[in-house]
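Chemist:
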Amino acid sequence: MEKIFEKLVRIYQKDMKSHIRIDFLVNKEYQRLVLKTYYCPKYDFDKTRATGHIRNCYIEAGRSEDFDEKIVDKALPLANHISWSVDSPDGYLGTKHLSWAFQEHFISEQESSYGFLPSPIKQGKWTLTASTNAIVSPYVDIWLVVEGEI
Amino acid sequence: MNWQRVELHCHTLASDGDLSYVQLVDRAIERGYKAVAVTDHNTISNVAFVQKYAADKDLPIIRGIEWTTFWGHIVVHGGHSPVDWRDITPTNIDEHIAVAKASGDIVTLAHPYRLGFPFCSCCFNQLAISQWQNVDAIEVYSHFNPHKDKSSIKAIELWHNLLKQGYKISATYGYDWHELDYNPPIFGYTYVGIEGEPSEQNILQAIRNHHTIVSLGLDIDIKICSQDKVFDIGDTIGRGSFIIQLTATAEPKYAENWKVTPRYLRLITDKSSLTFQLVGGTFNQWVDFEDDFLRMEIWGDIDSDKDCLLAITSAVWSK
Chain A
1 MEKIFEKLVR
11 IYQKDMKSHI
21 RIDFLVNKEY
31 QRLVLKTYYC
41 PKYDFDKTRA
51 TGHIRNCYIE
61 AGRSEDFDEK
71 IVDKALPLAN
81 HISWSVDSPD
91 GYLGTKHLSW
101 AFQEHFISEQ
111 ESSYGFLPSP
121 IKQGKWTLTA
131 STNAIVSPYV
141 DIWLVVEGEI
Chain B
1001 MNWQRVELHC
1011 HTLASDGDLS
1021 YVQLVDRAIE
1031 RGYKAVAVTD
1041 HNTISNVAFV
1051 QKYAADKDLP
1061 IIRGIEWTTF
1071 WGHIVVHGGH
1081 SPVDWRDITP
1091 TNIDEHIAVA
1101 KASGDIVTLA
1111 HPYRLGFPFC
1121 SCCFNQLAIS
1131 QWQNVDAIEV
1141 YSHFNPHKDK
1151 SSIKAIELWH
1161 NLLKQGYKIS
1171 ATYGYDWHEL
1181 DYNPPIFGYT
1191 YVGIEGEPSE
1201 QNILQAIRNH
1211 HTIVSLGLDI
1221 DIKICSQDKV
1231 FDIGDTIGRG
1241 SFIIQLTATA
1251 EPKYAENWKV
1261 TPRYLRLITD
1271 KSSLTFQLVG
1281 GTFNQWVDFE
1291 DDFLRMEIWG
1301 DIDSDKDCLL
1311 AITSAVWSK
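Chains as they are written, first to last, in my numbering: chain A, 1 to 150; chain B, 1001 to 1319.
1. Apart from the five residues on each side of it in sequence, which residues of its chain come closer than 6 Å, Cβ to Cβ, to Tyr39 of chain A?
2. Within 8 Å of any Cβ in chain B, is that where the Cβ of Arg63 of chain A sits?
3. For the stretch 1194 to 1236 of chain B, list the alpha helix (DSSP H) runs that are entirely contained and at least 4 residues long, ordered along the chain.
4. Start and end of the beta strand (DSSP E) containing Gln1285 of chain B?
5. Go through its chain and collect everything with a Cβ distance to Glu1290 of chain B's Cβ below 7 Å, but skip five positions before and after it.
6. Any beta carbon from chain B within less than 8 Å of Phe106 of chain A's own beta carbon?
7. Please list the terminal residues of the continuous alpha helix (DSSP H) segment that includes Asn56 of chain A.
8. Chain B partners of Cys57 of chain A, CB-CB under 7 Å?
9. Would you list, in sequence order, the uninterrupted beta strand (DSSP E) runs of no fewer than 3 residues that lie entirely inside the stretch 1101 to 1125 of chain B?
10. So with Cβ pairs under 8 Å, would you call Ala75 of chain A a contact of chain B?
11. What's the C-alpha gap between Asn1284 of chain B and Thr1249 of chain B?
12. Where does the unbroken alpha helix (DSSP H) through Asp68 of chain A begin, and where does it stop?
13. Would you say Leu1163 of chain B faces chain A, with C-beta separation under 8 Å as the test?
14. Contact between the stretch 1107 to 1114 of chain B and the stretch 1141 to 1152 of chain B: three or more CB pairs below 8 Å?
15. Taking Leu1013 of chain B as the query, report the chain A residues whose CB atoms sit under 7 Å from its CB, ordered along the chain.
16. Quick one: Cα of Leu128 of chain A to Cα of Ala1315 of chain B, how far?
17. Write down every uninterrupted run of the alpha helix (DSSP H) in the stretch 1019 to 1073 of chain B whose length is 4 residues or greater and which is fully enclosed by it, in chain order.
18. In whole angstroms, what is the alpha-carbon distance linking Val1279 of chain B and Gly94 of chain A?
19. List, in order along the chain, the chain B residues whose C-beta lies closer than 7 Å to that of Ser99 of chain A?
20. For Thr1212 of chain B, collect the residues of the same chain with a Cβ closer than 8 Å to its Cβ; drop the 5 residues on either side in sequence, then sort them by chain order.
21. Grouping DSSP H, G and I as helix and E and B as strand, with all else coil, what is Lys36 of chain A?
22. Go to Lys1150 of chain B, then tell me how far its alpha helix (DSSP H) extends in each direction, as first and last residue.
23. Closer than 6 Å by C-beta to Ile1106 of chain B: which residues in its own chain qualify, once you throw out the five before and the five after it? Chain order, please.
24. Let me see if you follow: with CB-CB separation under 8 Å, is Lys215 of chain A close to chain B or not?
25. Using CA coordinates, which residue listed in B:Ile1268, B:Leu1163, B:Leu1019, B:Asp1056 is at the minimum distance from Thr1039 of chain B?
26. Going by beta carbon distance, what residues of the same chain come within less than 6 Å of Glu1157 of chain B, once the five residues before and after it are set aside?
27. Answer yes if the stretch 1015 to 1033 of chain B comes into contact with the stretch 27 to 38 of chain A, meaning at least three C-beta pairs across the two stretches below 8 Å, and no otherwise.
28. In the DSSP assignment, find the alpha helix (DSSP H) that holds Asn1253 of chain B and state where it starts and stops.
29. Within 10 Å of its beta-carbon, does Ser88 of chain A have 16 or more other beta-carbons around it, so buried, or fewer, so exposed?
30. Bridge partners of Val1099 of chain B, per DSSP?
31. Taking C-alpha atoms, which residue in B:Trp1177, B:Tyr1175, B:Trp1132, B:Val1287 lies nearest to Gln1227 of chain B?
32. What does the alpha-carbon distance come out to for the pair Thr1091 of chain B and Ile1298 of chain B?
33. Confirm, please, whether the CB-CB distance from Phe1293 of chain B to Leu1162 of chain B is below 8 Å.
34. Three or more C-beta pairs closer than 8 Å, one from the stretch 1057 to 1065 of chain B and one from the stretch 1032 to 1047 of chain B: is that the case here?
35. Which residue or residues does DSSP assign as beta-bridge partners of Met1296 of chain B?
36. Using three-state DSSP, classify Ile4 of chain A as helix, strand or coil.
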C-alpha cells in the first residue's frame, strides 16, 4: 500500500452547507484506492450553542411555540455530520451519507465500498468532496489519507 | 384495480441505513410489501445488489435515490435521472426536477416539514419549488407515529393547497426505513392501485396517475360509481352524483401490534368538507360532487390514541 495523499483541513461553522472539494493526483494504475477520513470533534456538548441551534430550528419550522429547554437537554450532545463523495477522472462515483467520524472506503474496478460504484483506478485527477451537512461546533478538523494498492 | 401495499422510501448500508440488501428484502417480504424502493441518500450503488437478491423472491424492486440536499430531500424513483446531487441549490431545484421528469422518473417531495438542523440535518424543506406540475407526490405522512406529528399536519396542508391550485399531486407515505427494527413504533403504508402485476413500471404509473392511499394499518377498497361507470382514486370523474363505496378493514398483520378502528369518513373538496360515520368500517352512499377535487380521510382510533387520521386518499378530479 502506498500513501498517495494526506491533508488536514479546518472548517468552521460558516462552512456548513458547502461542498469542500479536495483534489488529488493518481499517478499509477492501482488495483484499488483506499480512502480514510476522520473529523473531530464529532460531538459538541455546549448547551448555549445547542440552545441557539435548536431554537432556530423551531423558528425555521414555524413552530417556535414548541421550543422548550427540555428539548435541548434531551438532544445534547449535538453531532457534526460530514458526508463524503468521490469523483474519478471519469466522473461521480457516489456519496457515502453517514455520520460516522471515522470512515474507510475503497474503490476498485470489481467492487467498491457501500455508497460508491466500482471504477478502475485511472491515472489523473480524483476528487474527495466533504459535504458539511451539520456543523454544530465552532470548528471541525478534517483529516484524510488516500492510499493506493498496487 | 388492485390495491397493493408498497414501501417507497428505504435506506440500506449504502448510506446511513442499518439494513443490508438481504435484510431489506427479507424484512420487506415478512411485512407483506408487494414491492419496495431502494432510495439511498445520494447513491445508487446498492440498487443492483437488492434487485439481484430479490429476483427469485417475487419482490419487485423499484430503483431510486434520495437527493439529500442541504435544503431538503427529494425522492426520485425510476433510475433514469442523473445522480449527482451536489449541483442542486434552493433556486435551481426546478431544473433538476424537470430533468428527472423528462427522463421518465417519478419525483416525490420527502417529509417536507420534518425538523431540520441540528436534529435531522437538511430534512426540513427549503427548496424553492415553483414548478409543482413536475412533482408527482408528496409524503404527507412519514416515518413513525405520523398521526401525532405536527409536521404531518403541515405536509397535508401544503399538499391540499397545491391541489386547490390545480396541481395533481399524489399523497404517499414514506417509512424512511433506516432501522433494523423488529418492534417499530406505529408506521404507515402506501397502497398503490394497479392493474396487473406490481412491477416497477406499474407502480410508478400508479403514482403518476394518483392511484395512491396512505394508511395506518387499514386495508381500504374504494369505488366511486356514477350511473354508468366505476372510477378509482386518482381518476377524473366529472361533476354530478356518485355512489362512494368504501370498505376499511384492519390489516391482519398490523392488527397483531396495534388495534385500528375506523370511525369516520371525511369527504374534503377544495371548497368544503363533510363527515360521515363509518358503520363496521363501511360507507355506501350517494354524494353530490360539484367542486374541483375530492379527497377522503378516514379517522378513528389506533392503539390507545383516539380520533386520529388513519388514512388519506389521493384526490379525484372533476376535470
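Note that beta-carbon positions come from the ideal geometry of N, C-alpha and C, so glycine has one too.
Modeler: The answer reads as follows:
1. Excluding residues up to 5 positions away in sequence, Ile82, Ala101, Val140, Ile142 lie with their Cβ nearer than 6 Å to the Cβ of Tyr39 of chain A in the same chain.
2. Yes, contact with chain B.
3. The stretch 1194 to 1236 of chain B is shown to contain whole alpha helix (DSSP H) runs of 4 or more residues at 1200 to 1208, in chain order.
4. 1282 to 1289 is the extent of the beta strand (DSSP E) around Gln1285 of chain B.
5. Once the five neighbours on either side are set aside, the close Cβ partners of Glu1290 of chain B are Arg1239.
6. Not an interface residue.
7. 47 to 60 is the extent of the alpha helix (DSSP H) around Asn56 of chain A.
8. Here the neighbours are Leu1115, Gly1116, Phe1117, Pro1118, Phe1119.
9. Qualifying beta strand (DSSP E) stretches, in chain order: 1106 to 1109.
10. Using a CB distance cut-off of 8 Å, Ala75 of chain A counts as an interface residue toward chain B.
11. Each residue's alpha carbon lies about 15 Å from the other.
12. No alpha helix (DSSP H) contains Asp68 of chain A, which DSSP labels as neither H nor E.
13. At a cut-off of 8 Å, the C-beta of Leu1163 of chain B has no neighbouring C-beta in chain A.
14. Three or more pairs of CB atoms, one per stretch, sit closer than 8 Å, so the stretch 1107 to 1114 of chain B contacts the stretch 1141 to 1152 of chain B.
15. Here the neighbours are Tyr114.
16. Distance from the CA of Leu128 of chain A to the CA of Ala1315 of chain B, rounded to the nearest whole angstrom, comes to 45 Å.
17. Here the runs fully enclosed are 1021 to 1031, 1047 to 1054.
18. Going by C-alpha positions, Val1279 of chain B is about 52 Å away from Gly94 of chain A.
19. Result: Asp1016.
20. Excluding sequence neighbours, Thr1212 of chain B sits near Ala1137, Ser1170, Ala1171, Thr1172, Thr1190, Tyr1191, Val1192, Gly1193, Ala1206, Ile1233, Gly1234, Thr1313, Ser1314.
21. DSSP places Lys36 of chain A in strand when its eight states are reduced to three.
22. First-last of the alpha helix (DSSP H) with Lys1150 of chain B: 1150 to 1164.
23. Short of 6 Å from the beta carbon of Ile1106 of chain B, and not among the five residues preceding or following it, lie these beta carbons of its own chain, in chain order: His1077, Gly1078, Asp1136, Leu1204, Ile1207.
24. With chain A covering only 1 through 150, there is no way to say anything about residue 215 of chain A.
25. Taking each of B:Ile1268, B:Leu1163, B:Leu1019, B:Asp1056 in turn and checking the Cα distance to Thr1039 of chain B, the smallest one comes out for B:Leu1019.
26. Once the five neighbours on either side are set aside, Glu1157 of chain B has no close Cβ partner at all.
27. Two segments are said to touch when three or more pairs of C-beta atoms, one from each, lie closer than 8 Å; by this definition the stretch 27 to 38 of chain A does not touch the stretch 1015 to 1033 of chain B.
28. Correcting the residue type first, residue 1253 of chain B is Lys in the shown sequence and not Asn. Run containing Lys1253 of chain B: 1252 to 1255, per the alpha helix (DSSP H) assignment.
29. The residue is buried, with at least 16 neighbouring Cβ atoms inside 10 Å.
30. According to DSSP, Val1099 of chain B bridges with nothing at all.
31. Restricting attention to B:Trp1177, B:Tyr1175, B:Trp1132, B:Val1287, the CA atom closest to the CA of Gln1227 of chain B is found in B:Val1287.
32. In a straight line, the C-alpha of Thr1091 of chain B is about 37 Å away from that of Ile1298 of chain B.
33. Cβ atoms of Leu1162 of chain B and Phe1293 of chain B: not closer than 8 Å.
34. Under the 8 Å Cβ criterion, the stretch 1057 to 1065 of chain B counts as touching the stretch 1032 to 1047 of chain B, having at least three qualifying pairs.
35. Looking at the DSSP assignment, Met1296 of chain B forms a beta bridge with B:Leu1267.
36. The answer is strand: DSSP assigns Ile4 of chain A an E or B state.
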